[in-house]
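13 is the number of the first residue of the sequence shown in this note's numbering; add one for each residue after it.
Ideal placement from N, C-alpha and C gives every residue a C-beta, glycine not left out.
Remember, it's a predicted structure, so these values are computed and weren't measured experimentally.
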Amino acid sequence: MPQRLAVTGRSQEPRARFAEELRRLRTERGLSLRDLAKAVGWDASQFSKMESGQTLGGPEIVQALDQYYGTPGLLVTLWELAVADPTQFKEQYRRYMMLEAEAVSLWQYSVSAPPGLLQTAGYAREALMAGGIKGEELERQVEARIRRGQMLEAEDPPVFRAILSEAVLRTPLRDAQRWRKQLEHLSEAAERTNITVQVLPFGAGLHGLMNTDTMFLRLLDGRTVAYAENDVRGELIEEASKVERLMRTYDAVRDLALSSAHSRKFILQMLEEVPCEPLT
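Put into structure tokens, the structure is as follows:
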């Protein structure tokens, strides 16, 4: 059998391929980053980060580049593939992320941090830094986490229920203003029709998920899978009997939680305790 030859010699990794195409299109036209910034209207540093793979940018800037270069749909398609590429996540999370992206409804219990789908960029950055991530990898992980949450804002978004231990709301960021923005984001999310946020107060006592972050995903084929994680390890659970047992535990925890209306009031009370930005 003859040896298979590469057609283009370019990267087959979606994120790297997107960055390569951006560089190729600009350099073939003899443009500097400043030239491109003047022509398209975004800052040159943004294009530099996109071409180096530090960020993917948003759909608006990619559409503008497609229009400028006369490549209708090419860059948007490469961008979509890069955004959806599971290799941007750590290996142990990749299968879960693929399933999450196709879920029609999701249920979560959070022990001590807001669900990744409801985190602000400021919260995600500080949390990831606390885990030792820094530099370009930090920026990639923050961007990936924020893009996950954007699926809840899509035209036909999945239904999402989040039960937050009271500890989530009483474990602030070091930066008070970033923490304020995170609480505001939770409060605003709780008002959306596809999102339900409930708080499990400390007074609820002991329960079956005390030390376990848990997420359930209902998929298009009708299956429900679960992901359970503690400080030591995480596990994707697909066996129906195990998922069912865990769901019964989740239902029992939900019965202990505050109603969605009372939960939003609780979040707003926590927000009132955060120092406002000092006047200048």
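Those residues which DSSP pairs with Gly246 across a bridge: Glu241
Within-9 Å CB hit, Ala201 to chain C: No chain C appears in this structure, which consists of one protein chain only.
Whole runs of the alpha helix (DSSP H) within the stretch 56-84, excluding any shorter than 4 residues: 56-63 and 71-81
Beta-carbon spacing of Arg152, Cys288 below 9 Å: Taking the C-beta atoms as reference points, Cys288 is found no nearer than 9 Å to Arg152.
Sub-9 Å separation of Val154 and Ala136 beta-carbons: Yes. Within cutoff.
Same chain only: Cβ atoms within 6 Å of Trp190, ignoring 5 sequence neighbours per side: As written in the sequence, residue 190 is Arg, which differs from the Trp given in the question. Gly134.
Residue of Asp78, Leu43 and Ala28 minimising C-alpha distance to Met62: Ala28
Buried versus exposed call for Leu232 [16 or more other C-beta atoms within 10 Å across all chains shown]: Leu232 comes out exposed.
Cut-off 8 Å between Cβ atoms - residues of its own chain near Arg276, not counting five sequence neighbours on either side: Ser199, Ala202, Glu203 and Val209
Start-to-end residues for the beta strand (DSSP E) that takes in Leu229: Asp225 to Arg230
Environment of Gln281 [buried if 16+ CB atoms lie within 10 Å]: exposed
Distance between Asp168 and Val95 (C-alpha atoms, nearest Å): 18 Å
Runs of alpha helix (DSSP H) wholly within the stretch 154-188 (minimum 4 residues, chain order): 178-181
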